[in-house]
Ligand code: FE
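In this note's numbering, the protein residues as written are -4 to 337.
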């Protein structure tokens, strides 16, 4: 009898250790942002909530493709990616679902989130004009707006990356909203005529080309300049120091801005945890870190940008609802193509 009760007891112990009382709470993140830009925040989220985060990183468009292929069988709960144009692409592909969170709606200005609540901006970047410092190459007072970059006075002096780049597509989309399709196409033709070279490379390459004297003006996202200035590469640091930011369109709509952002995946099995994670990412503490580590601006209005970004000065940002960047993306692509923007 004693023997039997001991065996029973052992079996019970084995069962109780094999079957935890609760399943582990978790959330699965697909991120187009590199691990080092996001992982420390996810770890803090786990510490604060006990919710485990599984992170899969990849290239932005490859992640969309993967989500599409996985369909209802995906394990993903949250998609983190860059550019409102691409977030809108995810929305149009029906990969995202509507979130109803007063915390998110309060923390993030209305123009930096999707009108239908399918994605939310998490960090802000601007795409201003950058120009060669000193040596009389560019007089600051001759700069004014994106529109002015089509003026013949800049012939052969502008570097900008290709029209296949979503950042440029979004910039052009913002100009279509401001000026209409026809005027924007004429502008794009003028810009193409002013290019110092056929578009090649990324934003850093445009900045380097200005520093090297291949062109006088570039258009690039702010955080690239920040990364170059604060990075380990000596040549990039030297190049970045030769370049100055000019905030365009300060007398009218303001400089073009865009976001990195996130949404909850349509087929998510952990919706509540997914929303909790997004809410955590817009908390003031998370916002400060997230913006700082990638040299971006916080989307949360109460959080100050880093010191380097404050040095670049305050600027008026285009208040356009970023949902419109995605909506006008197909027209932007056509306009650039017709204008001969390679
Ligand atoms: Fe980028």
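We put the CB at the ideal spot given by N, CA and C, even for glycine.
Remember, it's a predicted structure, so these values are computed and weren't measured experimentally.
Problem - Same chain, Cβ closer than 7 Å to residue 323, neighbours up to 5 away in sequence not counted - result: 168, 171 and 172
Practice task
Check whether the Cβ of residue 254 sits closer than 7 Å to any heavy atom of ligand 1, and report yes or no.
Solution key: no
Problem - For residue 127, the three-state DSSP class (helix, strand or coil) - result: strand
Problem - Beta-carbon proximity list for residue 248, same chain, < 6 Å, skipping 5 on both sides - result: 173 and 313
Problem - Outcome for residue 189 when other beta-carbon atoms lying within 10 angstroms are tallied against a minimum of 16 - result: buried
Problem - residue 100: CB within 7 Å of a non-hydrogen atom of ligand 1 - result: no
Problem - Range of the contiguous alpha helix (DSSP H) that encloses residue 171 - result: 161 to 174
Practice task
Below 7 Å CB to CB, which residues in the same chain sit around residue 156 once its five sequence neighbours on both sides are set aside?
Solution key: 163, 194, 196, 197, 198 and 201
Exercise for the section: Ignore the nearest five residues each way along the sequence and tell me which others in residue 279's own chain have a CB closer than 7 Å to its CB. Expected result: 295, 297 and 298
Exercise for the section: Check whether the segment 18 to 25 touches the segment 44 to 56, taking contact to mean three or more Cβ pairs, one atom from each stretch, closer than 8 Å. Expected result: yes
Exercise for the section: Answer yes or no: do residue 310 and residue 250 have a C-beta to C-beta separation smaller than 8 Å? Expected result: yes
Exercise for the section: Answer with buried or exposed for residue 11, where buried requires no fewer than 16 other C-beta atoms within 10 angstroms of its C-beta. Expected result: Because the pLDDT at residue 11 is just 47, under 50, the model does not fix this residue reliably, and the point stays unresolved.
Practice task
Using a threshold of 8 Å, state whether the C-beta atoms of residue 77 and residue 259 are closer than that.
Solution key: no
Problem - Nearest-angstrom Cα separation, counted from residue 131 out to residue 152 - result: 14 Å
Practice task
Please say whether residue 212 and residue 133 have beta carbons closer to each other than 8 Å?
Solution key: yes
Handout entry: Residues bridged to residue 239 [DSSP beta-bridge criterion]
Key = 126
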